[in-house]
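Following the UniProt record's numbering, the numbering of the sequence shown begins with 1 at its first residue and continues without gaps. Working notes, structure below.
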Amino acid sequence: MGAFEERWRASLDDPEAFWLDAAQAIDWHTAPTRALEARPPFYRWFPDGELNVCANALDRHVDAGHGDRTALIYDSPVTGTVRSYSYTQLLDEVARFAGVLAGLGVGRGDRVVVYMPMVPEAAVAMLACARLGAVHSVVFGGFAPRELAVRIDDAAPVVVVSASCGIEGSRVLEYKPLLDKAMELAEHKPGKRVILQRPQAQAAMGPDDVDWAEAMATAEPAASVPVAATDPLYILYTSGTTGKPKGVVRDSGGYAVALAWTMANIYAVGPGETMFTASDVGWVVGHSYIVYAPLLVGATTILYEGKPVGTPDAGQFWRVAAEHGAKTMFTAPTAFRAIKKEDPKGALLGGYDLSGLRYLFLAGERLDPETYRWASDLLGIPVVDNWWQTETGWPICANPVGVEELPIKPGSPTVPMVGWDVRVVDGSGQPVPPNTDGAIVIKLPLAPGALPTLWNDDDRFIRSYLSAFKGYYLTGDGGRIDDDGYVYVMGRTDDVINVAGHRLSTGGMEEALASHPAVAECAVIGVADPLKGQVPRGLVVLKAGVDRPEEELRTELVALVRERIGAVASLRDVDVVAALPKTRSGKILRRTMRGIADGVEEPVPSTIESLDVLDALRPVLRRGD
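Structural data, given as structure tokens:
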């Protein structure tokens with residue numbers, strides 16, 4: 001066995017010893033004597049431990065004499081701002097804002113909703129909640145009022161923290177009117193709302209509104225409050241199939257231990273090194289790898305307010321990584337597809353020195369082999385796919401480059417990480433042979449840091465994740481495991497289509513389409529067909545500067561799929577479109593598009609990036625009605 005496989009097997013064979021050893025990377029108020037408490041189907045990690053996650057992220061580094069080290073760099077091309085915070089400075093901001101929240105009645109176990117743009121104060125608010133033992137629930141700044149109201153009603157916060165506006169590309173989006181409307185719609189009424197006034201838009205303040213700057217000017221710093229390792233750190237809402245969002249609960253101790261382990265062993269980032277995670281604090285990636293994980297290990301984190309393209313160009317990721325000396329970059333495949341579309345030859349890279357960049361990590365949606373090859377050839381460094389979910393909090397599968405760099409297989413996020421016992425089963429829950437497609441499941445218990453339940457809804461937790469196959473967590477993804485133990489995630493199980501009795505993965509067809517030199521990104525959906533049950537339809541976005549007759553391209557693309565998948569795929573319908581509808585994290589809305597094509601209006605996720613893109617596609621999708 002290799003060095004990593006030994007650790008992985010140890011984590012499954014003796015999780016008690018493995019995770020108690022890993023827990024030594026964290027400072028405990030009361031050190032745990034047990035790693036796991038099992039009350040199937042519920043599991044709790046480090047049940048007798050006490051800690052404070054904020055103190056682990058900030059205080060301990062300052063106490064150890066590293067207060068001058070850079071903790072956070074705020075880089076905002078949309079406002080022309082770059083600002084750095086040392087660990088001492090960030091601790092001062094967080095402690096004082098914790099004092100603001102405490103003065104507004106926030107205490108241990110209380111909830112605070114954070115509705116903020118990508119500004120340092122968003123991270124400050126999150127860490128201040130953790131400092132008090134309060135539970136934060138971050139909702140994307142700019143979310144629709146009704147969706148925000150639903151989350152306020154579910155979390156029942158004491159306080160809402162927001163800002164006067166966010167900046168979406170070149171557009172200033174005022175948040176306060178959206179928040180005011182949400183407060184009208186919500187049944188639960190938080191006591192106070194703290195508003196960060198930004199110069200791009202001033203918010204009109206009401207009697208229940210508190211000005212961030214004014215409150216901070218007189219605030220007394222608050223000390224950290226020890227909490228149980230099993231106490232919730234945050235609630236993060238993810239879309240539910242019923243339309244009601246699911247509040248994923250994250251525990252404190254298991255999460256801190258798992259994140260610290262990942263920084264050294266997966267991301268290879270340590271104290272004083274810089275990690276650039278281009279995401280949003282509204283997503284789990286932002287929670288884990290912008291805010292908590294880098295700070296837990298004393299690294300420098302970059303908080304970027306901008307887009308991969310258009311703010312102002314497709315070279316911004318290269319600029320940020322070069323200027324701030326990033327060792328590791330982490331973003332979504334869709335960001336790289338956007339860069340590839342705008343700058344297919346990577347010409348904008350030439351102006352920046354990326355000699356310090358060692359790894360590129362991509363997650364959030366399946367990394368197609370073509371995007372992997374483009375990024376790998378352009379950067380000349382390992383491009384590491386990693387697969388995980390809001391529910392898991394950190395990667396289920398990745399390449400553990402901090403332990404050993406395993407061979408990369410394009411299309412695979414490599415192997416399961418420690419604590420994750422990944423299996424592939426058929427419809428009856430029976431294991432399938434290697435290289436056979438099926439449902440990807442995880443044998444219980446889940447690794448530390450994964451959700452222990454849903455907020456105030458144990459029944460829905462069991463129903464959604466644990467009822468399909470006894471003793472297993474249902475990931476909702478389909479795929480296979482090869483002879484070397486590499487996992488291939490081919491997409492959500494509802495993205496498998498049935499063509500005349502043949503079960504085919506749309507992911508395989510997308511791989512074929514994406515390999516065409518003119519294609520920037522693509523999606524394949526299964527559309528109802530009276531003869532074959534379903535037939536695939538392809539939608540492709542072309543790279544900038546491509547000028548080819550559509551019919552000629554269509555013929556080539558259909559031929560590619562026939563060559564790679566076979567005639568059984570029956571893909572004969574490919575449309576060239578301007579853009580694909582996505583969530584703000586970059587997931588393509590395949591289910592929504594399939595519903596429109598079938599004449600069934602699926603609920604549009606509240607996290608959609610742009611309704612205009614979806615509306616523009618409706619005539620194309622409905623063409624077969």
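C-beta atoms are modelled at their ideal positions from N, C-alpha and C, and glycine is treated no differently.
1. Start and end of the beta strand (DSSP E) containing Met275?
2. Evaluate the contact criterion for the region 536-543 versus the region 510-521: three or more CB pairs, one atom per stretch, below 8 angstroms.
3. With a 10 Å radius around its C-beta and 16 neighbouring C-beta atoms as the bar for buried, classify Asp426 as buried or exposed.
4. Following the continuous beta strand (DSSP E) through Asp75, name the residue where it begins and the one where it ends.
5. If you check the beta carbons only, do Val94 and Val62 fall under 8 angstroms apart?
6. Relative to the C-alpha of Val210, which candidate in Glu220, Ala201, Ala222 and Gln197 has its C-alpha closest?
7. Using the C-alpha atoms, what's the distance from Thr371 back to Phe336?
8. Answer yes or no: the CB of Asp377 versus the heavy atoms of the ligand NAD, is any distance below 7 angstroms?
9. Looking at the secondary structure, which residues open and close the alpha helix (DSSP H) in which Trp8 lies?
10. Excluding the 5 residues flanking Ile396 on each side, which residues of the same chain have their C-beta closer than 6 angstroms to its C-beta?
11. Between which two residues does the beta strand (DSSP E) holding Gly166 run?
12. Is it true that the CB of Leu378 sits closer than 8 angstroms to the CB of Leu348?
13. Between which two residues does the beta strand (DSSP E) holding Gly109 run?
14. So, for Trp455: in the same chain, excluding its five sequence neighbours on each side, which residues have a beta-carbon less than 6 angstroms away from its beta-carbon?
15. Out of Val415, Arg373, Trp283 and Leu178, point me to the one whose CA is closest to Trp8's CA.
16. Identify whether Ala219 lies in helix, strand or coil by the three-state DSSP scheme.
17. On a Cα-Cα basis, can you pick out the residue from Asp457, Val82, Pro445 and Gly479 that is closest to Pro434?
18. Measure the C-alpha to C-alpha separation of Thr230 and Tyr175 and round it to an integer number of angstroms.
19. With a Cβ-Cβ cutoff of 8 angstroms, do Trp212 and Val194 count as a contact?
20. Output the distance between the C-alpha atoms of Ala20 and Pro448, rounded to the nearest integer angstrom.
21. What three-state label does DSSP hand Asp211 in the structure shown?
22. Using the rule of at least 16 other Cβ atoms within 10 Å of the residue's Cβ for burial, across every protein chain shown, is Gly393 buried or exposed?
23. Count the other CB atoms, across all protein chains shown, that sit within 10 Å of the CB of Gln430; report buried if there are 16 or more and exposed otherwise.
24. Given this structure, state the Cα-to-Cα distance separating Gly380 from Trp374, to the nearest angstrom.
25. Measuring straight from C-alpha to C-alpha, what distance separates Val320 and Gly471?
26. Identify, in the order they occur along the chain, each residue of the same chain with its Cβ nearer than 8 angstroms to the Cβ of Lys327, setting aside the five sequence neighbours on each side.
27. Taking the beta carbon of Val159 as the centre, do at least 16 other beta carbons fall within 10 Å, making it buried, or is it exposed?
28. Using only CA atoms, which one of Leu362, Arg171, Gly507 and Ala35 lies nearest to Asp14?
29. Could you please give the first and the last residue of the uninterrupted beta strand (DSSP E) stretch that includes Asp251?
30. Quick check for students: name the residue ranges of the beta strand (DSSP E) that lie wholly in the region 142-187, counting only runs of 3 or more.
31. Give the list of continuous beta strand (DSSP E) stretches no shorter than 3 residues that lie fully inside the region 357-384.
32. Could you check what DSSP says for Asp21 in three-state terms: helix, strand or coil?
33. Tell me which same chain residues have a C-beta within less than 8 angstroms of the C-beta of residue 626, skipping the five on either side of it?
34. Return yes when the Cβ of Ser412 is within less than 8 angstroms of the Cβ of Gly487, no when it is not.
35. If you measure between the beta carbons of Ile442 and Glu305, is that distance less than 8 angstroms?
36. Determine the extent of the beta strand (DSSP E) in which Glu550 is found, giving its start and end residues.
So, to answer that:
1. On the sequence shown, position 275 is the one that residue 275 refers to. Per DSSP, Met275 is one residue of the beta strand (DSSP E) stretching across Thr274 to Thr277.
2. Yes: the two stretches touch, three or more of their Cβ pairs being nearer than 8 angstroms.
3. Mapped onto the sequence shown, residue 426 falls at position 426. Asp426 comes out exposed.
4. The residue you call residue 75 lines up with position 75 of the sequence shown. Counting along the chain, the beta strand (DSSP E) containing Asp75 begins and ends at Thr70 to Ser76.
5. The residue given as residue 94 occupies position 94 in the sequence shown. The residue given as residue 62 occupies position 62 in the sequence shown. Contact: no.
6. What you label residue 210 is simply residue 210 of the sequence shown in a count that begins at 1. Of the candidates Glu220, Ala201, Ala222 and Gln197, the residue whose Cα lies closest to the Cα of Val210 is Gln197.
7. On the sequence shown, position 336 is the one that residue 336 refers to. On the sequence shown, position 371 is the one that residue 371 refers to. CA-CA distance, Phe336 to Thr371, rounds to 7 angstroms.
8. As presented, the structure is devoid of all ligands, the ligand NAD included, so that no description of it is given.
9. Counting from 1 along the sequence shown, the entry for residue 8 is found at position 8. DSSP places Trp8 in the uninterrupted alpha helix (DSSP H) bounded by Ala3 to Asp13.
10. Position 396 of the sequence shown, counted from the start, is the residue given in the question as residue 396. Hits under 6 angstroms: Trp387, Trp388 and Trp420.
11. If you number the sequence shown from 1, residue 166 lands on position 166. For Gly166, the uninterrupted beta strand (DSSP E) run begins and ends at Cys165 to Glu168, by DSSP.
12. On the sequence shown, residue 348 is found 348 positions in, with the first residue counted as 1. On the sequence shown, residue 378 is found 378 positions in, with the first residue counted as 1. Leu378 is positioned such that its CB atom lies no closer than 8 angstroms to that of Leu348.
13. For the purposes of this step, residue 109 is taken as residue 109 along the sequence shown, with counting starting at 1. No beta strand (DSSP E) contains Gly109, which DSSP labels as neither H nor E.
14. For the purposes of this step, residue 455 is identified with residue 455 of the sequence shown, where counting begins at 1. Result list for Trp455: Ile235, Gly247 and Val249, in chain order.
15. The count along the sequence shown starts at 1 and reaches residue 8 at position 8. Comparing Cα positions, the closest option is Val415.
16. Along the sequence shown, one-based indexing puts residue 219 at 219. Three-state result, Ala219: coil.
17. Position 434 of the sequence shown, counting from 1, holds the residue named residue 434. Checking every option, the nearest Cα to that of Pro434 belongs to Gly479.
18. As a first step, residue 230 must be located in the sequence shown, where it is residue number 230. As a first step, residue 175 must be located in the sequence shown, where it is residue number 175. Taking the straight line joining both Cα atoms gives about 34 angstroms.
19. Residue numbering aside, residue 212 sits at position 212 when the sequence shown is read from its first letter. Residue numbering aside, residue 194 sits at position 194 when the sequence shown is read from its first letter. For Trp212 and Val194, yes; Cβs fall inside 8 angstroms.
20. As a working mapping, residue 20 is identified with position 20 in the sequence shown. As a working mapping, residue 448 is identified with position 448 in the sequence shown. One detail in the question is off: residue 20 reads as Leu in this sequence, not Ala. Taking the straight line joining both Cα atoms gives about 11 angstroms.
21. What you label residue 211 is simply residue 211 of the sequence shown in a count that begins at 1. In the structure shown, Asp211 sits in a strand (DSSP, three-state: E or B).
22. Taking the sequence shown and counting its residues from 1, the one referred to as residue 393 is at position 393. Buried, by the Cβ-count rule.
23. Locating residue 430 in the sequence shown gives position 430, where the first residue counts as 1. An exposed status is given to Gln430, since fewer than 16 other beta-carbon atoms sit within 10 Å of its beta-carbon.
24. If you number the sequence shown from 1, residue 380 lands on position 380. If you number the sequence shown from 1, residue 374 lands on position 374. C-alpha separation (whole angstroms): 10 angstroms.
25. As a position in the sequence shown, residue 320 is number 320, starting the count at 1. As a position in the sequence shown, residue 471 is number 471, starting the count at 1. One C-alpha to the other measures close to 45 angstroms.
26. On the sequence shown, position 327 is the one that residue 327 refers to. Hits under 8 angstroms: Ala268, Val269, Glu273, Thr274, Met275, Gly356, Leu357, Arg358 and Tyr359.
27. The count along the sequence shown starts at 1 and reaches residue 159 at position 159. It is buried - the Cβ of Val159 has at least 16 other Cβ atoms within 10 Å.
28. Taking the sequence shown and counting its residues from 1, the one referred to as residue 14 is at position 14. The residue with the shortest Cα to Cα distance from Asp14 is Ala35.
29. For the purposes of this step, residue 251 is identified with residue 251 of the sequence shown, where counting begins at 1. From DSSP, the beta strand (DSSP E) with Asp251 extends over Lys246 to Asp251.
30. As far as the region 142-187 is concerned, its whole beta strand (DSSP E) runs of at least 3 residues are 159-163, 165-168 and 171-174.
31. 359-362
32. Here residue 21 refers to the residue found at position 21 when the sequence shown is read from its first residue. Looking at Asp21 - three-state DSSP - the assignment turns out to be helix.
33. Absent from the structure is residue 626, since the part of the chain shown begins at 1 and ends at 625.
34. Taking the sequence shown and counting its residues from 1, one reaches residue 487 at position 487. Taking the sequence shown and counting its residues from 1, one reaches residue 412 at position 412. Correcting the residue identity first, residue 487 is Val in this sequence and not Gly. A contact, by the Cβ cut-off of 8 angstroms.
35. Start at 1 with the first residue of the sequence shown, and residue 442 comes out as number 442. Start at 1 with the first residue of the sequence shown, and residue 305 comes out as number 305. No, these two residues do not count as a Cβ contact at 8 angstroms.
36. Sequence index remark: in the sequence shown, residue 550 carries index 550 (1-based). Where Glu550 is concerned, there is no enclosing beta strand (DSSP E), although the alpha helix (DSSP H) it sits in stretches over Glu550 to Ile565.
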